[in-house]
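Numbering (full-length UniProt numbering), first residue to last: 1 to 633. Data block below; observations after.
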């Protein structure tokens, strides 16, 4: 009949067009395999045996090879590095142009007396820009080693690094940063520093000042002689063996805003180059990042959890009415139901009705996001996987293991873990008796072994011996737990853990990550020590929501005035902590509300936006002491 034919047609159409689930690369219930029958030591289930993957491609063995693969075989002289001026579209430098400029700069370094050897260290001091990457590639082209420098190192650390590496030449992005290096040279603290190369032009006064202390100053384009020398090969291995997880294409675009001085961002960029993909740089102002993303329309977004928390908070803050909030949560639940079946898409009814504006605010083209450097809340991760309509991976690693050692699997929508070991790494857990963690229970300090693990700290055998044991295992200082599906959960941080006076162990970062879910909290620092029986905290309230949030609870005043009364914030934080299962001794008993954000500029955050715990303690010593002098609330 006609009705039956119509039903059959509709059914056939649905079968053809229905969303297809992702096919995971392995059994998601068995993501890692015990090594040698030892359940505390595991490797990737993607490997055929216990032999770790050293090189993802046989013809790609160095950072130089990575770029050459993208340049010669995949990009088709496509766009490589992008930049923009305020209010303008992105302009692009092609792979061929980048390779040519890197050769010129590299041969210019040789002309300045630098040697084509891994023992030749070249400093790069500046914000993320195309010139930064081109200078880095110039060093790789001629087997020189790059030493990134950044503002928050401080004078003492900067002097130590320059002298330890015996650097004679540093490339800087602007005169202001070059002047800070010249200042320590004038004091006689860096005797071997003899040349400063700037991305941009500089004043005559600066050049004359440099000449007085025998330092040559050049623009980057003056470093390019007409005849490039023969190429050499970089003599160290880049730990990028996990790139297959990303399935990056040559038409993918990543945005660069995380510090290039840190391994996470550098590995992201090298991976993009390996596949002939493009990297666009932000304008250098983090407040303009969202505008840059709307213009660039990246397909890949590397993030730290702090940024994802901000996106999550802004989405919730923009849906104030009960009806809109209920509709949002219902739509999220529908999308999460799809995710649980392995379906990842951004074209569902809910995407078109509810989530399209959220996705458009990040450019509208995201295919995948990678979060790393710190734990992320399961609530935030699940929510954003639904709303952004793209894959969101979570990774774990350290600089000492070339950024990454574990990675979540495509198709795995579960949270509360950092994935399984990458094919280039074995991960084992070892006992920490003092903290009651034992490997036989699937818990302990995370140790990493494999070709991506570093060889040691430069000219520092004592620190190297502390980090690497006699069998080559890197001891991370993090505490992990193996889950039944073979993935790894981070449960504690051995380094920052301390005891209260009654003997209870405290993991402050775990507590801080929970308190970050409190609506008025933008930043939080939890403090305690072995002489005290309870915790106190420093909180920076979110200036975008704090005044309205306080008004709803009957507290009136300006942002700074409201910072004088921490009780409402404390009560909300303790409620969040209780809901998350914090024990009584893990809850803060008093707060100081600080009206100024912790930042890289004021020295309270690292370039990867982690708290500088010792510096925060020193800055707020008076407030911390004052809170302990009172009777706990």
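Beta carbons are placed, not taken as given, at the ideal position from N, Cα and C, and that holds for glycine.
If we count the other Cβ atoms within 10 Å of its Cβ and call it buried at 16 or more, is residue 323 buried or exposed?
Position 323 of the chain shown, counted from the start, is the residue given in the question as residue 323. With fewer than 16 Cβ atoms within 10 Å of its Cβ, residue 323 is classed as exposed.
Give the DSSP-derived three-state secondary structure of residue 505 in the structure shown.
Against the chain shown, residue 505 aligns to sequence position 505. Three-state result, residue 505: strand.
Length of the line joining the Cα atoms of residue 100 and residue 83
The sequence position of residue 100 within the chain shown is 100, counting from 1. The sequence position of residue 83 within the chain shown is 83, counting from 1. If I take the Cα positions, the gap works out to 18 Å.
Beta-carbon gap between residue 599 and residue 593 smaller than 7 Å
Position 599 of the chain shown, counted from the start, is the residue given in the question as residue 599. Position 593 of the chain shown, counted from the start, is the residue given in the question as residue 593. Contact: no.
Among the candidates 404, 433 and 192, whose CA atom is the shortest distance from the CA of residue 425?
Within the chain shown, the letter at position 425 stands for residue 425. Here the closest residue by C-alpha is 404.
Residue 371 - DSSP class collapsed to helix/strand/coil
In the chain shown, the residue the question calls residue 371 occupies position 371. Looking at residue 371 - three-state DSSP - the assignment turns out to be strand.
Label residue 192 either buried or exposed according to how many other C-beta atoms from any shown protein chain fall within 10 Å of its C-beta, with 16 as the threshold for buried.
The count along the chain shown starts at 1 and reaches residue 192 at position 192. Flag for residue 192 reads exposed.
Does the distance from the C-beta atom of residue 172 to that of residue 126 stay below 7 Å?
Looking up residue 172 in the chain shown gives position 172. Looking up residue 126 in the chain shown gives position 126. Yes; because the gap between Cβ atoms is below 7 Å, this pair is in contact.
Just to check, is the beta-carbon of residue 179 closer than 6 Å to a non-hydrogen atom of the ligand FAD?
No copy of the ligand FAD occurs in the structure displayed, which carries no ligand at all.
Does residue 181 have its Cβ less than 7 Å from a Cβ in chain B?
Structure shown: chain B not included; a single protein chain is present.
Do you know whose CA, among 116, 306, 140 and 278, lies nearest residue 524's CA?
Indexing the chain shown from 1 puts residue 524 at position 524. Nearest C-alpha to residue 524: 306.
Report the three-state DSSP secondary structure of residue 320 (helix, strand or coil).
As a first step, residue 320 is located in the chain shown; it is residue number 320 there, counting from the start. Coil at residue 320, not helix or strand.
Would the region 49-58 count as touching the region 457-477 if we require 3 or more Cβ pairs under 8 Å?
no
Presumed contact (8 Å Cβ cut-off) between residue 116 and residue 135, rounded CB distance:
By one-based count along the chain shown, residue 116 stands at place 116. By one-based count along the chain shown, residue 135 stands at place 135. In fact, because the Cβ distance is near 15 Å, the residues do not count as touching under 8 Å.
Alpha carbon to alpha carbon, what distance is there between residue 120 and residue 167?
Mapped onto the chain shown, residue 167 falls at position 167. Mapped onto the chain shown, residue 120 falls at position 120. Those two C-alpha atoms are separated by around 8 Å.
Taking residue 349 as the reference, which of 330, 90, 209 and 325 has the closest Cα?
Here the question's residue 349 lines up with position 349 in the chain shown. The shortest C-alpha separation from residue 349 is found at 330.
Would you kindly work out how many angstroms separate the C-alpha atoms of residue 326 and residue 381, rounded to a whole number?
If you number the chain shown from 1, residue 326 lands on position 326. If you number the chain shown from 1, residue 381 lands on position 381. Taking the straight line from one Cα to the other gives about 19 Å.
Measure the alpha-carbon distance for residue 390 versus residue 415 and round it to whole angstroms.
Here residue 390 refers to the residue found at position 390 when the chain shown is read from its first residue. Here residue 415 refers to the residue found at position 415 when the chain shown is read from its first residue. If I take the Cα positions, the gap works out to 15 Å.
Buried or exposed for residue 616, going by 16 or more other Cβ atoms inside 10 Å?
On the chain shown, residue 616 is found 616 positions in, with the first residue counted as 1. Buried is the call here.
In angstroms with no decimal places, state the Cα-to-Cα distance between residue 339 and residue 351.
As a working note, residue 339 is residue 339 in the chain shown. As a working note, residue 351 is residue 351 in the chain shown. So the alpha carbons of these two residues sit roughly 13 Å apart.
Since I believe residue 387 is in contact with residue 303 (beta carbons under 8 Å), could you give me their beta-carbon distance rounded to a whole number of angstroms?
Here the question's residue 303 lines up with position 303 in the chain shown. Here the question's residue 387 lines up with position 387 in the chain shown. Not quite, the Cβ-Cβ distance comes to about 14 Å (not below 8 Å), so this is no contact.
For residue 468, collect the residues of the same chain with a Cβ closer than 7 Å to its Cβ; drop the 5 residues on either side in sequence, then sort them by chain order.
Mapped onto the chain shown, residue 468 falls at position 468. Once the five neighbours on either side are set aside, the close Cβ partners of residue 468 are 456 and 474.
Separation of residue 312 from residue 319, as counted between CA atoms:
Taking the first residue of the chain shown as 1, we reach residue 319 at position 319. Taking the first residue of the chain shown as 1, we reach residue 312 at position 312. Whole-angstrom Cα-Cα distance: 11 Å.
Contacting residues, own chain, Cβ-Cβ under 7 Å from residue 607 (five flanking each side not counted)
Working through the chain shown from its first residue, we reach residue 607 at position 607. Closer than 7 Å at Cβ, skipping near neighbours: 150, 152, 259, 261, 262 and 600.
Assuming the contact rule is C-beta atoms closer than 8 Å, residue 573 and residue 515 should be a hit. Round their C-beta distance to whole Å, please.
Residue 573 sits at position 573 when you count from the first residue of the chain shown. Residue 515 sits at position 515 when you count from the first residue of the chain shown. Confirmed, about 5 Å.
As assigned by DSSP and simplified to three states, the class of residue 57:
As a working mapping, residue 57 is identified with position 57 in the chain shown. Residue 57 falls in the coil class under three-state DSSP.
Skipping 5 residues on each side, what residues in its chain have a beta carbon closer than 7 Å to that of residue 308?
What you label residue 308 is simply residue 308 of the chain shown in a count that begins at 1. Here the set comprises 371, 376, 380 and 384.
Can you list the alpha helix (DSSP H) stretches of 4 or more residues lying completely in the region 330-361, in chain order?
356-361
Tell me, please, which residues DSSP counts as bridged to residue 515.
One-based indexing of the chain shown puts residue 515 at position 515. Beta-bridge pairing links residue 515 to no other residue.
Assuming residue 137 contacts residue 178 (C-beta within less than 8 Å), just tell me the rounded distance between them.
Along the chain shown, read from residue 1 onward, the residue named residue 137 stands at position 137. Along the chain shown, read from residue 1 onward, the residue named residue 178 stands at position 178. Not really, about 21 Å apart at Cβ, beyond 8 Å.
When 98, 76, 73 and 169 are compared against residue 114, the one with the closest alpha-carbon:
Position 114 of the chain shown holds residue 114. Per the Cα distances, 169.
Give the DSSP-derived three-state secondary structure of residue 556 in the structure shown.
One-based indexing of the chain shown puts residue 556 at position 556. Coil, per DSSP.
Grab me the residues of residue 499's own chain with a C-beta within less than 8 Å of its C-beta, minus the 5 sequence neighbours each way, in chain order.
Looking up residue 499 in the chain shown gives position 499. Counting only Cβ-Cβ distances below 8 Å, and skipping sequence neighbours, we find 505, 506 and 530.
Integer Cβ distance of residue 314 from residue 363, believed to fall under 8 Å
Numbered from its first residue, the chain shown carries residue 314 at position 314. Numbered from its first residue, the chain shown carries residue 363 at position 363. That pair is no contact at about 16 Å.
Tell me, to the nearest whole angstrom, how far the beta carbon of residue 295 is from that of residue 252; I am working on the premise that it is less than 8 Å.
Sequence index remark: in the chain shown, residue 295 carries index 295 (1-based). Sequence index remark: in the chain shown, residue 252 carries index 252 (1-based). Not quite, the Cβ-Cβ distance comes to about 17 Å (not below 8 Å), so this is no contact.
Secondary structure of residue 163, DSSP reduced to three states
Here residue 163 refers to the residue found at position 163 when the chain shown is read from its first residue. Residue 163: helix per DSSP, three-state reduction.
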